[in-house]
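K.L.:
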Amino acid sequence: MACKSDHWLVHLKRPECVFSNYTKCIHYCVRLLAEVVGSEDEAKEKIYMVWCAPPFGFAAEIDMETLNKLKVLQDVLALLLDYSVSAKTKNDIFLAAPPNRRKNHPTIFACYDKAEIFGRKKTYAEDKEEEMKLLERSVEELESTIDVLENKVDIVKGEAERQRLLREELETELQVIRNQMLSVTTSGTSLDVEARDIICRHPVLQSILEEKDRELQKMEVQIEVLEKNIAEKNVEVRFLMYMYEFQWPRDRSS
1 MACKSDHWLV
11 HLKRPECVFS
21 NYTKCIHYCV
31 RLLAEVVGSE
41 DEAKEKIYMV
51 WCAPPFGFAA
61 EIDMETLNKL
71 KVLQDVLALL
81 LDYSVSAKTK
91 NDIFLAAPPN
101 RRKNHPTIFA
111 CYDKAEIFGR
121 KKTYAEDKEE
131 EMKLLERSVE
141 ELESTIDVLE
151 NKVDIVKGEA
161 ERQRLLREEL
171 ETELQVIRNQ
181 MLSVTTSGTS
191 LDVEARDIIC
201 RHPVLQSILE
211 EKDRELQKME
221 VQIEVLEKNI
231 AEKNVEVRFL
241 MYMYEFQWPR
251 DRSS
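Residue numbers (full-length UniProt numbering): 1 to 254.
(1) For the candidate residues A78, D63, G158 and K44, whose alpha-carbon lies nearest to that of G57?
(2) Compare the Cα-Cα distances from E171 to each of R31, I208, M64 and H27 and report the closest residue.
(3) Over what stretch of residues does the beta strand (DSSP E) that includes V76 continue unbroken?
(4) Using 7 angstroms as the threshold, is the C-beta distance between K46 and A34 below it?
(5) In angstroms, rounded to a whole number, what distance separates the CA positions of residue 264 and E141?
(6) Can the beta-carbon of L226 be found less than 7 angstroms from the beta-carbon of K152?
(7) Taking the straight line between their C-alpha atoms, what separation do you get for V10 and A43?
(8) Give me, in chain order, the residues of the same chain whose beta-carbon lies closer than 8 angstroms to that of I146; leave out the 5 immediate sequence neighbours on both sides.
(9) Name the two residues that bound the continuous alpha helix (DSSP H) containing I26.
(10) By Cβ distance below 7 angstroms, which residues in the same chain neighbour P15 in space, the five residues on each side in sequence not counted?
(11) Who are the near neighbours of L12 in its chain, counting only those whose CB is closer than 8 angstroms to its CB and skipping five residues on each side?
(12) Can you name the start and end residues of the beta strand (DSSP E) that L12 belongs to?
(13) Please report the distance separating the alpha-carbon of E130 from that of K24.
(14) Quick one: grab the DSSP three-state call for I62.
(15) Excluding the 5 residues flanking L80 on each side, which residues of the same chain have their C-beta closer than 6 angstroms to its C-beta?
(16) For the beta strand (DSSP E) holding V50, just list the boundary residues, first then last.
(17) So, at 8 angstroms on beta carbons, what are the nonlocal neighbours of L216 in its own chain, with the 5 sequence-adjacent residues on each side left out?
(18) Anyone know if the C-beta pair for L67 and V36 falls short of 7 angstroms?
(19) Taking buried to mean at least 16 other C-beta atoms within 10 Å of its own C-beta, is E136 buried or exposed?
(20) What are the residues that DSSP puts in a beta bridge with G57?
(21) On a Cα-Cα basis, can you pick out the residue from I26, L149 and G38 that is closest to E65?
(22) Determine the burial state of L149: buried for a count of at least 16 other Cβ atoms within 10 Å of its Cβ, exposed for fewer.
(23) With a CB to CB cut of under 8 angstroms and the five nearest residues on each side skipped, what residues in its chain are close to E220?
(24) Give me the residue from M132, I155, Q175 and S138 with the minimum Cα distance to Q222.
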């Protein structure tokens, strides 16, 4: 291992699963290398050959630190220097297809462009990224809508409270008028100008109180509708956040 070459042949135990096509075999190797290099994108850059038949494994351009991490993996059987690396290119990936023993054909080597192998998965990842951006915007819009609704509820509640206070003042004034009318009726004294004015205002105040009651009822209904809308929006936000926090990480790691 004194050689400074970073090109290594990584022989693996044959996995228990059976690959239905070579792309799944390649992605299996990519995911294994990603465990030690940190990401699948970096693993794809390093791998330049994959064997889908015994000896199962892959060839990759890796440094000594990565090599030492690979050694401890249970799936790794052996690590050997690759002396045929001059025939490889960084943008291609070579596939060693299993031989056809019935027809006595040797192992077949085929070269594929990495963009061809990984293009579909990259497109899927890009689509998921765009989907998550849309999801984030939806959450932001819902949260903004909730803020507007909550502000509107505060305004309506404030107006309702003002109307209640005004109604209490009118109720107090009306009660004073009733007491004064009762006093005049029981005493049998003549009504002065102020008393007559009070008595004339009695039906007017009663009408105003009734109108305030109707306004307060409307406001209470409006507050109930707004609070129901806020509750529904909060449910939508929690659902979208669930999708973002749980579904997206699983998709990215798969």
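Just so you know, even glycine gets a beta-carbon here, dropped at the ideal spot from N, CA and C.
P.N.:
Reading it off the structure:
(1) Counted from its first residue, the sequence shown places residue 57 at position 57. Nearest of A78, D63, G158 and K44 to G57, Cα basis: A78.
(2) On the sequence shown, position 171 is the one that residue 171 refers to. It is I208 whose Cα lies nearest to the Cα of E171.
(3) By one-based count along the sequence shown, residue 76 stands at place 76. Annotation: the continuous beta strand (DSSP E) that includes V76 extends over V76 to L81.
(4) Against the sequence shown, residue 46 aligns to sequence position 46. Against the sequence shown, residue 34 aligns to sequence position 34. Not a contact, by the Cβ cut-off of 7 angstroms.
(5) Outside the displayed span of the chain (1 to 254) sits residue 264, for which this structure offers no information.
(6) As a first step, residue 226 must be located in the sequence shown, where it is residue number 226. As a first step, residue 152 must be located in the sequence shown, where it is residue number 152. Closer than 7 angstroms, so yes.
(7) Residue numbering aside, residue 10 sits at position 10 when the sequence shown is read from its first letter. Residue numbering aside, residue 43 sits at position 43 when the sequence shown is read from its first letter. When rounded, the separation of the alpha-carbon atoms in V10 and A43 is 13 angstroms.
(8) For this step, residue 146 is matched to residue 146 along the sequence shown. I230, K233, N234 and V237, listed in sequence order.
(9) For the purposes of this step, residue 26 is taken as the residue at position 26 of the sequence shown. Note, I26: alpha helix (DSSP H), Y22 to V37.
(10) On the sequence shown, residue 15 is found 15 positions in, with the first residue counted as 1. Non-local C-beta neighbours of P15 in its own chain, meaning closer than 7 angstroms and more than five positions away in sequence, comprise Y28, ordered along the chain.
(11) As a working note, residue 12 is residue 12 in the sequence shown. Result list for L12: C29, L32, F56, G57, F58, D75, V76 and L77, in chain order.
(12) Here residue 12 refers to the residue found at position 12 of the sequence shown. Segment H7 to L12, the beta strand (DSSP E) holding L12.
(13) To locate residue 130, count along the sequence shown from 1; it is residue 130. To locate residue 24, count along the sequence shown from 1; it is residue 24. A direct Cα-Cα distance of roughly 25 angstroms separates E130 from K24.
(14) The count along the sequence shown starts at 1 and reaches residue 62 at position 62. The DSSP-derived three-state label of I62 is coil.
(15) Translated into positions along the sequence shown, residue 80 becomes position 80. Taken in chain order, the residues that qualify are L9.
(16) For this step, residue 50 is matched to residue 50 along the sequence shown. Start and end: I47 to W51.
(17) The sequence position of residue 216 within the sequence shown is 216, counting from 1. If we look at L216 and ignore the five residues flanking it on each side, its Cβ neighbours are A160, Q163, R164 and R167.
(18) By one-based count along the sequence shown, residue 67 stands at place 67. By one-based count along the sequence shown, residue 36 stands at place 36. For the 7 angstroms CB-CB criterion, L67 and V36 do not form a contact.
(19) Looking up residue 136 in the sequence shown gives position 136. Flag for E136 reads exposed.
(20) If you number the sequence shown from 1, residue 57 lands on position 57. According to DSSP, which records beta bridges pairwise, G57 is partnered with H11 and W51.
(21) Sequence index remark: in the sequence shown, residue 65 carries index 65 (1-based). Of the listed residues, the one whose Cα sits closest to E65 is G38.
(22) Indexing the sequence shown from 1 puts residue 149 at position 149. L149 comes out buried.
(23) Counted from its first residue, the sequence shown places residue 220 at position 220. Answer for E220: A160, listed in chain order.
(24) Numbered from its first residue, the sequence shown carries residue 222 at position 222. Of the listed residues, the one whose Cα sits closest to Q222 is I155.
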